[in-house]
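Written out below as structure tokens is the structure these notes cover.
There are 2 protein chains.
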Amino acid sequence: MLDSAHETHPSGERRDRRPGAETREPAIARRHTDTPPPIDADEPWMRALHADSGYLLYRLGLRSGQLFNTFLQESGLRLRHYAVLRCLATCEGALQRELSARLGYDPSAIVGLVDDLEKLGFAERRPAPDDRRSRIVVLTEGGRAFLRDTDQAGRRVTDELLTPLAPAERETLHKLLVRVAGNGLA
Amino acid sequence: MLDSAHETHPSGERRDRRPGAETREPAIARRHTDTPPPIDADEPWMRALHADSGYLLYRLGLRSGQLFNTFLQESGLRLRHYAVLRCLATCEGALQRELSARLGYDPSAIVGLVDDLEKLGFAERRPAPDDRRSRIVVLTEGGRAFLRDTDQAGRRVTDELLTPLAPAERETLHKLLVRVAGNGLA
DNA sequence: AACAACTGTTGACGACACCAATTATTGCGC
DNA sequence: GCGCAATAATTGGTGTCGTCAACAGTTGTT
Chain A
1 MLDSAHETHP
11 SGERRDRRPG
21 AETREPAIAR
31 RHTDTPPPID
41 ADEPWMRALH
51 ADSGYLLYRL
61 GLRSGQLFNT
71 FLQESGLRLR
81 HYAVLRCLAT
91 CEGALQRELS
101 ARLGYDPSAI
111 VGLVDDLEKL
121 GFAERRPAPD
131 DRRSRIVVLT
141 EGGRAFLRDT
151 DQAGRRVTDE
161 LLTPLAPAER
171 ETLHKLLVRV
181 AGNGLA
Chain B
1 MLDSAHETHP
11 SGERRDRRPG
21 AETREPAIAR
31 RHTDTPPPID
41 ADEPWMRALH
51 ADSGYLLYRL
61 GLRSGQLFNT
71 FLQESGLRLR
81 HYAVLRCLAT
91 CEGALQRELS
101 ARLGYDPSAI
111 VGLVDDLEKL
121 GFAERRPAPD
131 DRRSRIVVLT
141 EGGRAFLRDT
151 DQAGRRVTDE
161 LLTPLAPAER
171 ETLHKLLVRV
181 AGNGLA
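So the sequences go chain by chain: A and B.
Using the UniProt record's numbering, the first residue of the first sequence is number 1, and each one after it goes up by one.
Using the UniProt record's numbering, the first residue of the second sequence is number 1, and each one after it goes up by one.
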């Protein structure tokens, strides 16, 4: 699975982007006379949005999510299910409240996710002995097997995303991302 | 308008995350006996998902988008409107088709976005003289004024997001993000 | 016993990515 | 010139997702 996660753009005419020499190619939309070209690239507010790390992060996050989902689609899961599974794998049994806090998902979202995972036999809810409100969610053997089987393919997703980066650069990027994520959710 | 783009979390009880010492705090969900702790942190598939740059990117992108939207919310716009505006500011008149390609949004999404911008008087559609199918979208004076007025606040969004990073690190991160984004959309 | 706080749960709403279909128009081949 | 594939903008529908409000069962406190 997940060999060619490339056909994201069925019609390959989406990538007419040149790295350098941006912000200038009227070429086609250049003849609606009325307004004289008031483009002053000097004006700071006229910079491209892609020059903004925040927006870049936003777009890249989207692409990353899509990539993860295409990788997971044959298993019937989606990224958020996978996140729950991975979380369960490390904390070994967690209240839904904890999952919600750790993953940054709304408590109501956890319900559906755990429902699905239970239906697939990847996790199950158990009563918490000391608090009858809570349910403890644990990974089943099936869930463990799934994680084991898909681990390698999962790594390939990030590999694919970071293709243009050398290993050392990926490390740098990762450290920076961790720093950025650090103060808020994780 | 739009001075303090900070009151992002009305109820400040969402960020109980500590930067260091993650992945270990059973503390509460630690007593559902049945399963013996089969946690082998050695097992590679048991690493936390947050150790994955791809997932980190996904979460950070989400946070970035939220931050942008709270910054824009008083103006009635959302991030995607803002992206269109900024795109128009640099290319000065673009077919909707071009906006779609540049921003990576579906053509059908552009329609609604430009509709909204037109309603707010920030942009307008003009007929393309050589192709009556196309409409050329141009920034109005109002749109230019809006960009001028909100520019500083816009920068503050990225500043806020990258708080934990020193200026040099932000530069590094930005360069890496550009590289990653480079091969696909922008 | 009464009351506030909390857990899981359901429901609704809006934003958004995605895809299919439609209309008006263009360009091309015959 | 006439049909016909391709294209720009548009509409509509579907599914995921983030967010909030409300609710029931349960806990802890007073």
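Idealized CB from N, CA, C, for every residue including glycine.
Could you pull out every residue in the same chain whose Cβ sits closer than 6 Å to the Cβ of Leu113(A), ignoring the five residues on either side in sequence? As a working note, residue 113(A) is residue 113 in the first sequence. Arg80, His81, Val84, listed in sequence order.
Of all the alpha helix (DSSP H) runs that stay within the bounds of the region 51-108 of chain A, which reach a length of 4 or more residues?
53-72, 79-91, 96-103
At least three beta-carbon pairs within less than 8 Å, the region 131-150 of chain A to the region 89-103 of chain A = yes
query: Rounded to whole angstroms, how far is the Cβ of Glu160(A) from the Cβ of Val138(A), which I believe are closer than 8 Å?
result: Taking the first residue of the first sequence as 1, we reach residue 160(A) at position 160. Taking the first residue of the first sequence as 1, we reach residue 138(A) at position 138. Actually they are not in contact, since the Cβ atoms of Glu160(A) and Val138(A) sit about 31 Å apart, beyond 8 Å.
Burial state of Val111(A), where buried means 16 or more other Cβ atoms lie within 10 Å: As a first step, residue 111(A) is located in the first sequence; it is residue number 111 there, counting from the start. Counting Cβ neighbours within 10 Å, Val111(A) comes out exposed, since fewer than 16 surround it.
Check your understanding: Rounded to the nearest angstrom, how far is the Cβ of Ala181(A) from that of Leu56(B), given a contact under 8 Å?
Key -> As a position in the first sequence, residue 181(A) is number 181, starting the count at 1. As a position in the second sequence, residue 56(B) is number 56, starting the count at 1. Contact holds; Cβ gap of about 6 Å.
Next item on the list: Specify, as a first and last residue, the run of the alpha helix (DSSP H) that Arg148(A) falls within.
Entry: By 1-based counting over the first sequence, the position of residue 148(A) is 148. Run containing Arg148(A): 141-161, per the alpha helix (DSSP H) assignment.
Review point. If you measure beta-carbon to beta-carbon, which residues of the region 45-65 of chain A are closer than 9 Å to chain B?
Key: Trp45, Met46, Arg47, Ala48, Leu49, His50, Ala51, Asp52, Ser53, Gly54, Tyr55, Leu56, Leu57, Tyr58, Arg59, Leu60, Gly61, Leu62, Arg63, Ser64, Gly65
Practice problem: Measuring alpha carbon to alpha carbon, tell me which of Ala153(A), Thr172(A), Arg144(A), Glu169(A) ends up nearest Leu72(A). | Solution: The residue you call residue 72(A) lines up with position 72 of the first sequence. Cα-wise, what sits closest to Leu72(A) is Ala153(A).
* Would you kindly report the start and end of the unbroken beta strand (DSSP E) that includes Arg125(B)? => Locating residue 125(B) in the second sequence gives position 125, counting from the first residue. First-last of the beta strand (DSSP E) with Arg125(B): 123-127.
So, under 8 Å CB-CB, Arg78(B) and Ser53(A) are touching, yes? Tell me the CB distance rounded to an integer number of Å.
Here residue 78(B) corresponds to residue number 78 of the second sequence, with the count starting at 1. Here residue 53(A) corresponds to residue number 53 of the first sequence, with the count starting at 1. In fact, because the Cβ distance is near 19 Å, the residues do not count as touching under 8 Å.
Exercise. Tell me whether Arg135(B) sits in a helix, a strand or coil according to DSSP, three-state version.
Key: What you label residue 135(B) is simply residue 135 of the second sequence in a count that begins at 1. In the structure shown, Arg135(B) sits in a strand (DSSP, three-state: E or B).
**Report entry** Between the CA atoms of Thr140(B) and Gly121(B) - distance to the nearest angstrom
**Finding:** Within the second sequence, numbered from 1, the residue matching residue 121(B) stands at position 121. Within the second sequence, numbered from 1, the residue matching residue 140(B) stands at position 140. Spanning the two alpha carbons is a distance of roughly 7 Å.
Task: Backbone secondary structure at Leu113(A) - three-state DSSP - done: Here residue 113(A) is taken as the residue at index 113 of the first sequence, counted from 1. Here Leu113(A) sits in helix by DSSP.
- Please decide whether Arg78(A) counts as near chain B, where near means a Cβ-Cβ distance under 7 Å. For this step, residue 78(A) is matched to residue 78 along the first sequence. Chain B contact via Cβ: absent.
* Residue-chain proximity (Thr90(A), chain B), Cβ-Cβ < 7 Å -> Here residue 90(A) is taken as the residue at index 90 of the first sequence, counted from 1. Yes, because at least one Cβ of chain B sits closer than 7 Å to the Cβ of Thr90(A).
**Near-chain B residues of the region 138-162 of chain A (beta-carbon distance less than 7 Å), N- to C-terminal order** = Val138, Leu147, Arg148, Asp151, Val157, Thr158, Leu161, Leu162
So what's residue 188(B) in DSSP terms, helix, strand or just coil? Shown here, chain B extends from 1 to 186; a query on residue 188(B) therefore has no answer.
For Leu120(B), name the three-state secondary structure that DSSP assigns. Along the second sequence, read from residue 1 onward, the residue named residue 120(B) stands at position 120. If DSSP states are grouped into helix, strand and coil, Leu120(B) belongs with coil.
### C-beta contact flag for Ser64(A) and Tyr105(B) at 7 Å
Here residue 64(A) corresponds to residue number 64 of the first sequence, with the count starting at 1. Here residue 105(B) corresponds to residue number 105 of the second sequence, with the count starting at 1. In this structure, Tyr105(B) does not lie closer than 7 Å to Ser64(A) by Cβ.
| request: Could you work out which residues of chain B lie near Phe68(A), taking near to mean beta carbons separated by less than 8 Å? | output: If you number the first sequence from 1, residue 68(A) lands on position 68. The contacting residues are Gly54, Tyr55, Tyr58.
Quick one: does Ile83(A) have its CB under 7 Å from some CB of chain B? By 1-based counting over the first sequence, the position of residue 83(A) is 83. Inspection of the sequence shows that residue 83(A) is occupied by Ala rather than by Ile. Yes, Ala83(A) counts as interfacial toward chain B.
Exercise. Might you give, ordered along the chain, the residues of its own chain that have their beta carbon closer than 7 Å to the beta carbon of Leu67(B), omitting 5 neighbours on each side?
Key: For the purposes of this step, residue 67(B) is taken as the residue at position 67 of the second sequence. Only Thr8, Val157, Glu160, Leu161 meet the Cβ criterion.
Exercise for the section: Would you please verify whether the beta carbon of Ser182(A) is less than 7 Å from any beta carbon of chain B? Expected result: Reading the first sequence from its first residue, position 182 is the one you call residue 182(A). The sequence given here places Gly at residue 182(A); Ser does not occur at that position. At least one chain B Cβ lies under 7 Å of Gly182(A).
Starting from Gly104(B), find everything on chain A with Cβ-Cβ shorter than 9 Å and list it in chain order.
Taking the first residue of the second sequence as 1, we reach residue 104(B) at position 104. The contacting residues are Arg14, Arg59, Leu62, Arg63.
request  = Could you tell me if residue 187(B) is buried or exposed, where buried requires 16 or more neighbouring beta carbons within 10 angstroms of its beta carbon?
outcome  = Residue 187(B) is absent from the structure shown; chain B starts at 1 and stops at 186.
Q.
Considering only their Cβ atoms, is the gap separating Leu177(B) from Gly61(A) smaller than 7 Å?
A. Within the first sequence, the letter at position 61 stands for residue 61(A). Within the second sequence, the letter at position 177 stands for residue 177(B). Contact: no.
Can you find a CB in chain B that lies within less than 7 Å of the CB of Pro107(A)?
-> As a position in the first sequence, residue 107(A) is number 107, starting the count at 1. So no, Pro107(A) is outside the interface.
Arg47(B) in three-state terms, based on DSSP: As a position in the second sequence, residue 47(B) is number 47, starting the count at 1. In this structure, Arg47(B) counts as coil in the three-state DSSP scheme.
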